[in-house]
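In the numbering used here, the protein residues as written are 25 to 85.
A short write-up of the structure that comes next.
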């Protein structure tokens, strides 16, 4: 997830339960809002559907 987002696994700047990148990532994914957390360079270089597939796989790991 860190590679897809360019964010740290734990970030004290995010509020409450969202401090965990994994939890924050899954919440956004369930709300179909992954584009809000994915690294801009990844969005430009890759197809969003491919990134969603990787995100779903990562969620199940």
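C-beta atoms are modelled at their ideal positions from N, C-alpha and C, and glycine is treated no differently.
Apart from sequence neighbours up to five positions away, the residues of its chain that approach residue 52 with a beta-carbon distance below 7 Å are 58, 60, 61, ordered along the chain.
Between residue 79 and residue 28 the beta-carbon gap is near 7 Å, inside 8 Å, which marks them as a contact. The shortest C-alpha to C-alpha distance from residue 30 to any of 72, 64, 75 is the one to 64. Just so you know, the alpha carbons of residue 43 and residue 50 end up roughly 12 Å apart. In this structure, the CA atom of residue 77 is about 18 Å from the CA atom of residue 45.
Here DSSP, grouped into helix, strand and coil, assigns residue 62 to coil.
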